[in-house]
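Engineer: With the first letter of the sequence shown counted as 1, position 106 gets the number 679 in the working numbering; the numbers rise by one all the way through.
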Amino acid sequence: MAVDSIRGSLREKGVRLTRQHLDADRLFQLAKEKDPKLNRVTVYRTLKMLKNGGLVDELDLMHHSGDQHYYETRMKQEHAHVICLRCGKVEEFFGEPLQRLRKQIESHFGFQILLARTEVGGYCAHCQSLRALEMDEARQHGQLADGPAVSDAPHRARPKRGM
Ligand SMILES: [Zn+2]
Ligand SMILES: [Zn+2]
Numbered sequence: 574m575a576v577d578s579i580r581g582s583l584r585e586k587g588v589r590l591t592r593q594h595l596d597a598d599r600l601f602q603l604a605k606e607k608d609p610k611l612n613r614v615t616v617y618r619t620l621k622m623l624k625n626g627g628l629v630d631e632l633d634l635m636h637h638s639g640d641q642h643y644y645e646t647r648m649k650q651e652h653a654h655v656i657c658l659r660c661g662k663v664e665e666f667f668g669e670p671l672q673r674l675r676k677q678i679e680s681h682f683g684f685q686i687l688l689a690r691t692e693v694g695g696y697c698a699h700c701q702s703l704r705a706l707e708m709d710e711a712r713q714h715g716q717l718a719d720g721p722a723v724s725d726a727p728h729r730a731r732p733k734r735g736m
């Protein structure tokens with residue numbers, strides 16, 4: 574019913590929960606394009622049902638852009654999310670080391686893992702080079718010299734001794 578129709582219309586729209594890590598609002602907008610009568614509450618309720626039914630995972634992706642949560646279809650293979658904290662790009666790492674880590678944790682603690690989530694935050698290659706440029710520019714304008722020239726700093730940095 575509601576669940577199937579939303580999943581169905583998302584699929585028809587070519588929206589793949591899996592790769593895109595969409596938040597609830599975006600999912601709502603996309604589903605609404607397909608079915609204008611759809612309301613927000615229905616979408617939120619459906620997401621909750623999918624989540625409780627174990628069909629969809631809710632992720633916060635390191636809250637890289639605020640409080641929203643993201644959804645993706647649960648995949649058979651465990652994977653880590655690698656999130657750029659600057660541009661918000663999300664990559665997925667599938668790999669045997671994750672399975673190994675899981676086994677190690679299970680045997681170390683005598684623990685039975687039901688689900689595991691791995692999130693890694695940092696800067697993608699593109700953002701690294703942009704950051705390098707920004708740093709250069711800031712340095713040229715003397716902004717990065719010896720701490721920020723803001724007056725609300727609790728105390729000034731010690732003066733540098735002869736360099
Ligand atoms: Zn980036
Ligand atoms: Zn994923």
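Even for Gly, the Cβ is constructed at its ideal location relative to N, Cα and C.
Keep in mind the model is a prediction, meaning the values are calculated, not measured.
1. Look up GLU710 in the DSSP assignment and say whether it is helix, strand or coil.
2. In whole angstroms, what is the alpha-carbon distance linking CYS660 and GLY626?
3. Closest by CA to VAL655, which one among ARG647, GLU664, LYS649 and MET648?
4. As a quick exercise: from CYS700, GLU692, ASP633 and ALA698, pick the residue whose alpha carbon is nearest that of ALA653.
5. Which residues does DSSP pair with CYS657 in a beta bridge?
6. Along the chain, where does the alpha helix (DSSP H) that runs through GLU679 open and close?
7. What did DSSP end up calling LEU634 once you bin it into helix, strand or coil?
8. Beta-carbon within less than 6 angstroms of GLN602's beta-carbon, same chain only, minus the 5 sequence neighbours each way: which residues are those?
9. I'd like the span of the alpha helix (DSSP H) that includes GLU645, first residue to last.
10. Is any non-hydrogen atom of ligand 1 found closer than 8 angstroms to the C-beta of TYR696, if you look at the structure I gave you?
11. Measuring from the CB of MET648, is there a heavy atom of ligand 2 at a distance below 8 angstroms?
12. Which residue wins for smallest C-alpha separation from ASP598, given the options HIS642, MET622 and LEU634?
13. Can PHE667 and GLU651 be called in contact, C-beta distance under 9 angstroms?
14. For ARG647, collect the residues of the same chain with a Cβ closer than 7 angstroms to its Cβ; drop the 5 residues on either side in sequence, then sort them by chain order.
Structural biologist: So, from the data block:
1. Along the sequence shown, read from residue 1 onward, the residue named residue 710 stands at position 137. Here GLU710 sits in helix by DSSP.
2. Along the sequence shown, one-based indexing puts residue 660 at 87. Along the sequence shown, one-based indexing puts residue 626 at 53. If I take the Cα positions, the gap works out to 32 angstroms.
3. Here residue 655 refers to the residue found at position 82 of the sequence shown. When each option's Cα is compared against that of VAL655, the closest is GLU664.
4. The residue labelled residue 653 in the question sits at position 80 within the sequence shown. The shortest C-alpha separation from ALA653 is found at GLU692.
5. Translated into the one-based positions of the sequence shown, residue 657 becomes position 84. Among the bridge pairs identified by DSSP, CYS657 is matched with GLY695.
6. Sequence index remark: in the sequence shown, residue 679 carries index 106 (1-based). From DSSP, the alpha helix (DSSP H) with GLU679 extends over 669–682.
7. For the purposes of this step, residue 634 is taken as the residue at position 61 of the sequence shown. If DSSP states are grouped into helix, strand and coil, LEU634 belongs with the helices.
8. As a first step, residue 602 is located in the sequence shown; it is residue number 29 there, counting from the start. Once the five neighbours on either side are set aside, GLN602 has no close Cβ partner at all.
9. Walking along the sequence shown from the start, residue 645 turns up at place 72. Run containing GLU645: none in the alpha helix (DSSP H); it sits in the beta strand (DSSP E), 643–646.
10. Here residue 696 refers to the residue found at position 123 of the sequence shown. TYR696 Cβ: within cutoff of ligand 1.
11. Locating residue 648 in the sequence shown gives position 75, where the first residue counts as 1. It does: the Cβ of MET648 is within 8 angstroms (strictly closer) of some heavy atom of ligand 2.
12. On the sequence shown, residue 598 is found 25 positions in, with the first residue counted as 1. Ranking the options by Cα distance to ASP598, first place goes to HIS642.
13. Within the sequence shown, residue 667 is the residue found at index 94, counting from 1. Within the sequence shown, residue 651 is the residue found at index 78, counting from 1. Taking the C-beta atoms as reference points, GLU651 is found nearer than 9 angstroms to PHE667.
14. Counting from one through the sequence shown, the residue named residue 647 turns up at place 74. Same-chain partners within the cutoff: GLY627, LEU628, VAL629 and ASP630.
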